[in-house]
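Chains as they are written, first to last, in my numbering: chain A, 48 to 589; chain B, 62 to 333; chain C, 63 to 376.
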Amino acid sequence: MTGTPLLSVQGLSLAVTHSGNQVVKNVSFNVAPGEIVGIVGESGSGKTLATRAIIGLIPPAVRHTGGTILYRGRDVLAMRDRDLRQLRGGEIGVVFQEPMTSLNPSMTIGRQLEEGLILHTKMTAEERRTAILSMLKRVGIREPERALTAYPHEFSGGMRQRIMLASVMLLKPALLIADEPTTALDAVVQRDVMELMVEMTQAEGTAVLLISHDLPMVARYTNRFVVMEKGVVVEQGLTEEILQAPQHAYTRKLLSSLPYRGAARELDTTRTPMVSARNIIVDYPGRKGLFRKHEPKRALHGVSVDIHVGEVVALVGGSGSGKTTLGRTIAGLVQQSQGEILFQGRERSADWRDYRLNCQMVFQDPYSSLDPRMTIQALVEEALRLVPDLDTPAKRLRALETLEEVGLSADFASRYPHELSGGQRQRVAIARAIARRPKFLIADEPVSALDVTVRAQVLELFSSLQKRYGFSCLFISHDLGVVEQVADRVIVMQDGRIVEEGDRDRIFDAPKEAYTRKLLSAIPALDLNQTGGVILKWRLEA
Amino acid sequence: MRKLTFNGVIGGGLIGLLVLVALIGLLWTPYDPMALGFTARLVAPGAAHWLGTDEFGRDVASRLMVGARASVWIGCLTVTFAVVCGTFIGIVSGYARGWVDGVIMAINNALLAFPGILLALGLLAVFGANQYGIIFALGIAYTPSMARVVRGAVLSLREREFIEASRVMGNGEIYTMLRHILPNCVAPITVLATSMFGWAILSESALSFLGLGVPPPAPTWGNMLAAGRPFIEQAVWLGFFPGLCIALTLLGINLLGDALRDRLDPRMRGLK
Amino acid sequence: MIKFILNRLVMAIPTIVIVSVAVFTLIRLIPGDPAALMLGDMAEPHQIAEMRNLLGLDRSIPEQFVVWAGNILSGDFGTSIVTGEPVLHLVTSRFMVSAEIVVIAVFLASLIAVPAGVIAAWRQNSLTDLALVGTATVLLSIPTFWLGLLLLLAFGLKLGWLPVLGYVPITENWKAGLLYLVLPVMTLVIHEMGVIIRMARASTLEVLRLDYITHARAKGLSESAVLWRHAFKNAFGPTWTMIGLILGNLLGGIAVIETVFTIPGLGRLMVDAIFQRDYPVIQGCLLLVAFSYVVVNLVVDLLYPLFDPRVVAE
């Protein structure tokens, strides 16, 4: 790094006005012109707040308590409002995480893009229109003309994020702040958007500050990155070097939290499968509108799955692939239009009660899967309500034991869900599911709402419980990294059909289908080294 | 967590005072509220009569205390009626869905097309203008709003994963309804019921003001205000104090409602 | 778009049908025999029977409903038992008086209160916000009939600036007409301002939290552009619906204001009709208010896409 940095943050401290809590402490880093720098941290690390300060948009509840932010040598925090507004958009562009909410729903795309040009350039209306059209084309919008008069709700998440990118890059900023730009997108789309962003910024010579919780993603696109924990920069340096030999314990923890592949297990697959789904077809009924009948939508086109005794089968695919529908159908939450589901070789409807007792589910969102008005103990005990031959004291004891097993001590028993962290809630959800000692568990994206380090702990817990109780499991996930760690067998789905299925090692090492390869290209293959670091390797798309 | 807010303290204080005055009015009033005093007609507020006397020489303060009782009583019964009926209809509708829901909501929406007070006026023509007529009329008029809110809450709760979790556990529909859905409807019901208490008191006084409420000589704030209207120039206190009582009560309820909403609305929680 | 409009229009039909059935039923539920009432105490039983026959009251209820609905559809709302006037004419002429007051009041109140609410939200928790919200809550809590009386006392009786009681149609004498409108309109404006400020503030706060507002700021837009161009339009939707509801509610609840200022409007007509058990008039008032409520909400719904284009897509 040579010459004056484009951006220089020095000793920045921010505190919550109300309580005086320091949320960003003495943070320093530089960004050189044209460089891509990453900031990695989990929720609560202060990474988003620190970057909001760069454009002078600290929320009203937060106060600047120390340090400077120099942009081309000028202190942003001391700037007058008018100068700040010149800076925003014109010099520094921002792309946010949520494409669904970061475009104004009541304004056409054309007007939203034009706004920045009117503000920061002297173009004529005709020039603006030409610039917008060519930019929309550049980011891959198929009918740019039509897009001008369209509203955001007419586009998918990935398209909206492209439009956001277009809106920011239209002004040719010197610095682009990308705050979790692809986190809300599907894995396959994620990489396309990321690559488009890198390509465009490199072409324009725009520096990028890439903020993310996803360490491999940051490592892939940056030459330098900063690691933040609880408001403090714990480590920064060249990407290569940090990965090779992380200095700080937290960085090492982040790296070791990345999903890794365990040894393959030998399973007896000759016995009757625990659960068999045969030729499942699910149609979502068409609504009868007043003037038009909405056609029923077929979510699953005849899918068959076997889950053997003690086996963990992963169901992967993008949104709309039908993986969640299949899980919910097997759980009995969705009624299939055709096909049968066998439990231990018998049609499950032959003994619903038995099936219900033995088939449990862990949901994705630990914030909505626990009844907010029940205590933790009551939540787990409720799972035992219908279990025969267990009296009330025994149920109470079992609930407490199960909580202990998932790592929650007895003093959690009387708390309510809102007093727990996301990871703790998901532990409760797991406790509730296993309290009955089910033979079969469906886990629908059980860790995707969790932070990286918490996710590793919960996965660890899941695997150890699975080993102890030997339940069969259908593990639904969009994250192949997680799947690589827990699954014995992998089923890849797309558009309501199974694309490919096979043993984990076979799928990850020798994928046959293009779609599987595309999914795999989004995640790294990890090798741990002796110094606590990792070697990231990317599988190339064929 | 359980911090008291300005809204909560002032609102709760005003409503507490109202209930206290109503309770005291049950046992003791400075004067007999019905006793006519021919020697002390239209006496201005002073030491003997704190809030003055009316055209028949009756003590305004005493009558207001008894009027408070009527307001609280009518408010409570009306709200109870609307909460019980509205919750029942809302839950059945939200849980049954399909055509049952369609029919119930069509009727509900049609009833909502009558402004509350107008529907109450129409119903009063049926029930007759008296205390219980008002309670029934207002209760029926408010039930559709409650039903709509409860149904909305049930529909959004049904989408939550903990309801699905209950189904996966094998719990029956009725159990899920009582154990998971109903307790989580308490917050919106409480917020709306608080506002309704205010609407009921206001509507009762408006109806009494129109002469369609509790008939005189029984004192209510509304008919006292109506009776004071012809004397507005020579004895302003006759109309002023009953109106002030209504205004303070409504202010208390509005503040209390805001405080409850801030506390119970999950979206507000965690923002601070 | 056309589908959206048709959809909303058709959705209003069941409401109107049920409203009619409800009004019809309500009127039949009122105790007392209209025929006996019309003829007075001295009527002979056979006269009453003849009258019942004339009014169609001796037929079955469904039959009565069909005849009744047919009459309503052909514009025949019956005649007033008390004055003998045709109900439709009576009710619509009185309705115009009420509507004039209500529409002016809601328009003025929105004009002041919506910007006030938006500014309160923009300056959340500042002194301005606290003052505006506090004022709004107090205004909202003041009963209109009391406020009306106090204003009447202050401006009419003590200061003598404005006429105290009565009403002159604007079409007859616009100067005098306007003067008579000032007090009732002012009363309603003050009260409704409270409601609208709070609503506009709440919905603006909701919108200001969203990412596209931060994004608009990050583009370098000025605060006023962020507030009015981006936040206002999105926040106005719920307020707009609320204004529609207020309009409809006031049409039904204006009786008290008309009583305070002795204005010959629809509300007063209905109250008097209830006292006199003038069934055709009660029925006419109920139907007219409920229909206008449906129409107001329909118009509000149809204009909603102007503020939020997403509703058309659903």
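Backbone N, C-alpha and C define an ideal beta-carbon position, used for all residues, glycine too.
Quantities reported herein were computed from a predicted structural model and do not represent experimental measurements.
Minimum Cβ-Cβ distance from residue i to chain B less than 8 Å
{"i": "Asp412 (chain A)", "result": "yes"}
{"i": "Ala84 (chain C)", "result": "yes"}
{"i": "Pro419 (chain A)", "result": "yes"}
{"i": "Asn311 (chain C)", "result": "yes"}
{"i": "Met147 (chain A)", "result": "no"}
Anticipated Cβ contact below 8 Å, residue i with residue j, distance rounded
{"i": "Val537 (chain A)", "j": "Ala361 (chain A)", "result": "5 Å"}
{"i": "Ala601 (chain A)", "j": "Val453 (chain A)", "result": "Chain A is shown only over 48 to 589; residue 601 (chain A) falls outside these bounds and no answer can be derived."}
{"i": "Leu150 (chain A)", "j": "Met211 (chain A)", "result": "7 Å"}
{"i": "Ile293 (chain B)", "j": "Leu215 (chain C)", "result": "5 Å"}
{"i": "Pro485 (chain A)", "j": "Asn405 (chain A)", "result": "5 Å"}
CB contact flag (residue i, residue j, <8 Å)
{"i": "Val235 (chain A)", "j": "Lys565 (chain A)", "result": "yes"}
{"i": "Arg228 (chain B)", "j": "Gly155 (chain B)", "result": "no"}
{"i": "Thr98 (chain A)", "j": "Ile258 (chain A)", "result": "yes"}
{"i": "Leu232 (chain A)", "j": "Gly205 (chain A)", "result": "yes"}
{"i": "Thr286 (chain A)", "j": "Ala254 (chain A)", "result": "no"}
{"i": "Ser55 (chain A)", "j": "Asn73 (chain A)", "result": "no"}
{"i": "Leu218 (chain A)", "j": "His167 (chain A)", "result": "yes"}
{"i": "Arg345 (chain A)", "j": "Ile328 (chain A)", "result": "yes"}
{"i": "Leu201 (chain C)", "j": "Met255 (chain C)", "result": "yes"}
{"i": "Ala190 (chain B)", "j": "Pro276 (chain B)", "result": "yes"}
{"i": "Leu223 (chain A)", "j": "Gly140 (chain A)", "result": "yes"}
{"i": "Gly327 (chain C)", "j": "Ile316 (chain C)", "result": "yes"}
{"i": "Ile308 (chain C)", "j": "Val159 (chain C)", "result": "no"}
{"i": "Ile86 (chain A)", "j": "Phe202 (chain A)", "result": "no"}
{"i": "Leu488 (chain A)", "j": "Gln407 (chain A)", "result": "yes"}
{"i": "Leu313 (chain C)", "j": "Val351 (chain C)", "result": "yes"}
{"i": "Arg544 (chain A)", "j": "Val350 (chain A)", "result": "yes"}
Cβ-heavy atom distance, residue i to the ligand HEM, below 7 Å
{"i": "Ile242 (chain B)", "result": "Looking at this structure, you won't find the ligand HEM or any other ligand, since it has none at all."}
Min CB distance residue i to chain C below 8 Å
{"i": "Gly113 (chain B)", "result": "no"}
{"i": "Ala198 (chain B)", "result": "no"}
{"i": "Gly157 (chain A)", "result": "no"}
{"i": "Tyr198 (chain A)", "result": "yes"}
{"i": "Glu251 (chain A)", "result": "no"}
{"i": "Leu337 (chain A)", "result": "Confidence is the limiting factor: at Leu337 (chain A) the pLDDT is only 49, short of 50, which leaves the residue's position unreliable, though a coordinate-based value still follows. Yes, because at least one Cβ of chain C sits closer than 8 Å to the Cβ of Leu337 (chain A)."}
{"i": "Gly27 (chain A)", "result": "This structure does not reach residue 27 (chain A), given that chain A is present from 48 up to 589, and the question cannot be answered."}
DSSP state of residue i mapped onto helix, strand, coil
{"i": "Trp111 (chain B)", "result": "coil"}
{"i": "Ser351 (chain A)", "result": "strand"}
{"i": "Asp535 (chain A)", "result": "coil"}
{"i": "Glu394 (chain A)", "result": "strand"}
{"i": "Phe487 (chain A)", "result": "strand"}
{"i": "Trp585 (chain A)", "result": "strand"}
{"i": "Glu387 (chain A)", "result": "strand"}
{"i": "Pro76 (chain C)", "result": "helix"}
{"i": "Thr145 (chain C)", "result": "coil"}
{"i": "Phe522 (chain A)", "result": "strand"}
{"i": "Asp120 (chain B)", "result": "strand"}
{"i": "Pro93 (chain C)", "result": "coil"}
{"i": "Leu217 (chain A)", "result": "coil"}
{"i": "Lys72 (chain A)", "result": "strand"}
{"i": "Met207 (chain B)", "result": "helix"}
Any chain A beta carbon closer than 8 Å to residue i
{"i": "Leu289 (chain C)", "result": "no"}
{"i": "Asn170 (chain B)", "result": "no"}
{"i": "Ala157 (chain B)", "result": "no"}
Could you name each continuous alpha helix (DSSP H) segment of 4 residues or more that falls completely within the stretch 99 to 137 of chain C, going from the start of the chain to the end? 107 to 117 and 123 to 135
3-residue-minimum beta strand (DSSP E) runs that sit fully inside the stretch 219 to 248 of chain A, ordered along the chain: 222 to 226
Ignoring anything shorter than 3 residues or poking outside the stretch 89 to 124 of chain A, list the beta strand (DSSP E) runs there in chain order. 109 to 118
Give the list of continuous alpha helix (DSSP H) stretches no shorter than 4 residues that lie fully inside the stretch 272 to 347 of chain A. 286 to 291 and 296 to 304
Only counting runs of 4 or more residues, tell me where the alpha helix (DSSP H) segments fall wholly within the stretch 124 to 178 of chain A, in order along the chain. 128 to 137 and 156 to 167
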